[in-house]
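For reference, the structure discussed in these notes is given below.
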Amino acid sequence: MSFVTHLECSYTGEHYEAGIPHGLSTAGKPILVRYDLEAIKKAISKEEMATRTEGFWRYKEFLPVTQSQNRISLGEVVTPLIRMSHTEQKLGLTGEIIVKDEGRLPTGSFKARGLALAVSMAKEFGIDHLAMPTNGNAGAAMAAYATAAGMKTTIFCPDDTPAVNVEEIALQGGDVYRVNGLINDCGKIVGEGKDKTGWFDVSTLKEPYRIEGKKTMGLELAEQLGWELPDAIFYPTGGGTGLIGMWKAFDELEAIGWIGSKRPKMIAVQATGCAPIVKAWEAGEEHAPVWENAWTAAAGIRVPVAVGDFLIIRAVRASDGFAIAVDEDDIFEARDEIAREEGFLLCPEGAATYAAYRQALGDGRVSKTDRVVLYNCATGLKYPMPPVNKSVDRNKPVKYSQF
Ligand SMILES: *Cc1c(COP(=O)(O)O)cnc(C)c1O
Numbered sequence: 000m001s002f003v004t005h006l007e008c009s010y011t012g013e014h015y016e017a018g019i020p021h022g023l024s025t026a027g028k029p030i031l032v033r034y035d036l037e038a039i040k041k042a043i044s045k046e047e048m049a050t051r052t053e054g055f056w057r058y059k060e061f062l063p064v065t066q067s068q069n070r071i072s073l074g075e076v077v078t079p080l081i082r083m084s085h086t087e088q089k090l091g092l093t094g095e096i097i098v099k100d101e102g103r104l105p106t107g108s109f110k111a112r113g114l115a116l117a118v119s120m121a122k123e124f125g126i127d128h129l130a131m132p133t134n135g136n137a138g139a140a141m142a143a144y145a146t147a148a149g150m151k152t153t154i155f156c157p158d159d160t161p162a163v164n165v166e167e168i169a170l171q172g173g174d175v176y177r178v179n180g181l182i183n184d185c186g187k188i189v190g191e192g193k194d195k196t197g198w199f200d201v202s203t204l205k206e207p208y209r210i211e212g213k214k215t216m217g218l219e220l221a222e223q224l225g226w227e228l229p230d231a232i233f234y235p236t237g238g239g240t241g242l243i244g245m246w247k248a249f250d251e252l253e254a255i256g257w258i259g260s261k262r263p264k265m266i267a268v269q270a271t272g273c274a275p276i277v278k279a280w281e282a283g284e285e286h287a288p289v290w291e292n293a294w295t296a297a298a299g300i301r302v303p304v305a306v307g308d309f310l311i312i313r314a315v316r317a318s319d320g321f322a323i324a325v326d327e328d329d330i331f332e333a334r335d336e337i338a339r340e341e342g343f344l345l346c347p348e349g350a351a352t353y354a355a356y357r358q359a360l361g362d363g364r365v366s367k368t369d370r371v372v373l374y375n376c377a378t379g380l381k382y383p384m385p386p387v388n389k390s391v392d393r394n395k396p397v398k399y400s401q402f
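Taking numbering that gives the first Met the number 0, the leading residue of the sequence shown gets 0, the next gets one more, and so forth.
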C-alpha cells in the first residue's frame, strides 16, 4: 500500500489520478505527488522510524511505491554528515559547516535517490523502456537501477560529458549516445522520440517520482539533526529537483508535526558560466529563460533551462534564502582547499557550495554563528584531478632529505 491520495500540477493545482504513468501536466509543468499526511502521522512515529535501517527506503510511508517487491535497491545508505572542523576553526566560526556526503550512494551520486524511485515506479506501471538526457550522473544511476529492474534504457549526453560517466552508463547496461549539444538539446531528442519509440521520458521533473526520491534528502537531514533543521542549506542547483524536493519534505514533516515552522534559508548555488536561476531571482522573476552558451566544468549544474524554475525560485524566496553564482576558479580553489585541509574530496558541484558559502559569509548573507549544510552531491573521484609528477628512482640512492 501507499499513502498517495492523488497527483497535482505544481502550477495550476489540477488533480491527476495516482496509479497510472504521468509526464508533465496539461499546463506543461511538473506534477507533484500528494499524500494522506494525517494517515501517515497515525501510521508511523519518529521513535519507530529511528529503529529502521534500510537507507532512504526507511521513509516508505512518504514514498509512492505501493508493492515492496517493486522496490529496486542497490544497497542505499543513510549518507553521513561530516563537520568541516579545520575550516570552522580557520574562519573563527561559532556555527558549523556540515557536509552531507551524497557520494556514498550507489553509482556515487545523489541521482541514485531519484532514479531508484523513478525506476521502481516504472516497474509498478509495467514500463520497460526508459530514456533520458543527462550530464552524466543521472544517466549512470538510471542505467544501474533500470538494469537491476530488467528494463531497457536509452541515454543521451552532451559530447563533452566526462568519459567516466559515459563509460559507467554503458557498462551498467545503458545504451548511451553523445550529442553535439547541451542537456536541453538531449532532452529535445528524448521528448520528440516518445511517440516513435514508446520510451518513457525520465527527464528531471518531467515525471513525478524522481523528486520523491530526492525528497528523502530532506527527510534524512531532518532526522539526522534530531528533527531540528539547520540555518541554511547550500544546494548546487541544476534542474533543482533536490532543492524543491527538500522543501516538499519539510512541508510534509511540519504537517505531521515532526518539525516546527523553522526553515533553513534555501540557497541555490550555480556557476557564473551557467546561472539562469540566479539571474531570474535577482531580477525578481519566477521563470528563467535559456542561458546561452552555458559552460562550467561542474557538469551537474550545467543546466541552461529548468522546467521547475518557478518552484526553485519560490522555495528560495519563501525560505528567505537567495540564489548565488560562483566563479569557475573559486570552485576549484574551494575543492583544493577542503581536500588539503580537511582530507575530504568534494566534487566540483559540492565545492561550488563551499565557494558560495565563503562568498555569502564575506558579504554578510550568512553569519559566523549559522549552522550550515553543504551538499556534496557526488563522489569527487569521478572528476579529473590535478596531475602529480613526483617519482622516486629505485636504482639511485633515495634522497631522504626531500621528504
Ligand atoms: C544532478 C546534479 C546536480 C544538480 O542537481 P539537481 O537536483 O538536478 O539540481 C548537482 N551536482 C551533481 C554532481 C549532479 O549530478
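Where a beta carbon is used, it is the ideal one built from N, C-alpha and C, also for glycine.
CB-CB length for residue i against residue j, believed under 8 Å
i, j, result
"T240", "I276", "With a Cβ gap of about 13 Å, T240 and I276 do not count as contacting."
"K264", "L228", "10 Å between Cβ atoms; not a contact."
"G217", "M245", "3 Å"
"P161", "A298", "7 Å"
"G91", "K367", "7 Å"
"G102", "A355", "At roughly 19 Å, the Cβ-Cβ gap does not stay under 8 Å, so G102 and A355 are not in contact."
"P105", "G74", "6 Å"
"M131", "S202", "6 Å"
"R209", "A338", "Contact doesn't hold; Cβ gap of about 30 Å is too wide."
"D308", "A274", "Actually they do not touch by this definition, with Cβ atoms about 12 Å apart."
"I312", "A270", "No, I312 and A270 are not in contact; Cβ-Cβ is about 18 Å, not under 8 Å."
For residue i, the nearest candidate out of the options (CA to CA)
i, options, result
"D200", "N375, W246, A143 and T152", "T152"
"G212", "V175, S108, T196 and E284", "S108"
"A137", "A111, P157, H128 and F124", "A111"
"G283", "M48, F321, T65 and L218", "F321"
"C346", "E60, R82, P132 and A333", "A333"
"R177", "D159, N183, D194 and L170", "D159"
"S445", "L31, Y58 and Y34", "No answer is possible for residue 445: it lies beyond the span of the chain, which begins at 0 and ends at 402."
"W56", "T78, K40 and L36", "T78"
"V365", "H286, P288 and D230", "D230"
"A293", "A287, G307 and P303", "P303"
"I300", "I330, E285, W280 and V315", "I330"
"F233", "I39, S9 and Y374", "Y374"
"F2", "E251, S390, G342 and L344", "E251"
"T11", "G18, K28 and V325", "K28"
"G379", "A350, L170 and F249", "A350"
"P386", "I96, D335 and V371", "D335"
"I243", "M0, S9 and C156", "S9"
"E222", "K205, G192, I258 and G238", "I258"
"V76", "E47, N69, L220 and F124", "L220"
"R404", "L62, L181 and L224", "The first residue shown for the chain is 0 and the last is 402, placing residue 404 beyond what the model contains."
"E167", "I188, D184, T133 and I182", "T133"
"E327", "L310, Y353 and D127", "Y353"
"A49", "H14, K247 and W226", "W226"
"V325", "V372, V268 and E285", "V268"
Cα-Cα separation between residue i and residue j, rounded to whole angstroms
i, j, result
"A359", "A148", "43 Å"
"T52", "M141", "24 Å"
"I323", "A145", "35 Å"
"W290", "E16", "35 Å"
"D174", "I154", "6 Å"
"S318", "D392", "58 Å"
"L129", "K398", "58 Å"
"L114", "K395", "53 Å"
"D100", "I81", "7 Å"
"V163", "G256", "44 Å"
"D194", "G361", "51 Å"
"G172", "Q401", "48 Å"
"A26", "W198", "22 Å"
"E281", "S67", "44 Å"
"V315", "I266", "6 Å"
"K214", "A121", "18 Å"
"T86", "G342", "11 Å"
"P20", "L6", "11 Å"
"M150", "E348", "30 Å"
"V189", "I182", "11 Å"
"P383", "Y34", "42 Å"
"G125", "S119", "10 Å"
"G180", "P157", "5 Å"
"L37", "T4", "The question names Leu, but residue 37 in the sequence shown is Glu. Rounded to the nearest angstrom, the two C-alpha atoms are 11 Å apart."
"K247", "E253", "10 Å"
"T93", "M0", "46 Å"
Cβ of residue i within 7 Å of any chain D Cβ
i, result
"K187", "The structure shown contains no chain D, having only a single protein chain."
Which complete alpha helix (DSSP H) runs does the stretch 259-307 hold, if anything under 4 residues is left out? 275-281
I'd like the ranges of any alpha helix (DSSP H) spanning at least 4 consecutive residues and lying wholly in the stretch 89-170. 110-123, 136-148 and 162-170
Note down, one range per segment and in chain order, each alpha helix (DSSP H) of at least 4 residues found wholly within the stretch 182-211. 182-196
In chain order, which beta strand (DSSP E) runs of at least 3 residues are fully inside the stretch 353-402? 370-375
Starting from the N-terminal side, write out each stretch of the alpha helix (DSSP H) that is 4 residues or longer and does not extend beyond the stretch 306-340. 308-317
Could you name each continuous alpha helix (DSSP H) segment of 4 residues or more that falls completely within the stretch 48-93, going from the start of the chain to the end? 84-89
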